[in-house]
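Participant: Numbering (mature numbering (1 follows the signal peptide of the UniProt record, and there is no 0)), first residue to last: -20 to -1, 1 to 99.
Ideal Cβ positions, reconstructed from N, Cα and C, are used throughout, including at glycine.
(1) Consider the C-beta atom of residue 55 and the heavy atoms of the ligand NAD; say whether any pair is separated by less than 8 angstroms.
(2) Straight-line CA distance for residue -1 to residue 18?
(3) Please name the residue, chosen from 15, 62, 53, 4, that lies closest to residue 26 on a Cα-to-Cα basis.
(4) Drop a sphere of 10 angstroms on the beta-carbon of residue 39, count the other beta-carbons inside from all chains shown, and report buried for 16 or more, exposed for fewer.
(5) From the DSSP output, in three-state form, read off residue 61 for me.
(6) Can you give me the Cβ contacts of residue 33 inside the same chain, cut-off strictly under 6 angstroms, excluding the 5 residues immediately before and after it?
(7) Spatial neighbours of residue 56 within its chain, please: C-beta separation below 6 angstroms, excluding the five flanking residues on both sides.
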């Protein structure tokens, strides 16, 4: 009986190790809103986050499972000249950190100030 319990426990540990990891998936995320492809993905590689910006203004992010993730700091797109950073991580849902909520609060205030100045 003890051998059966030990064998079951070891088998369960092996299945857990083989299962892989989960990553957040989102093709187009602005602020904290995912507009396409949201959800958790089973991943056999690493989780990655691509953050795109113009200067210091964040535009959007892409969250995914990547089979061959290479971290990039301060890269630039050759077509649109957008700046981007790619980060890679390998723990459960490690790419699920929320985006900057300050921008979500400031955006309506900046728009209102711009409208007031235009009037």
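Facilitator: Taking the structure as given:
(1) Absent from the structure shown: the ligand NAD. Ligands present: none.
(2) 19 angstroms
(3) 4
(4) exposed
(5) coil
(6) 39, 63
(7) 63
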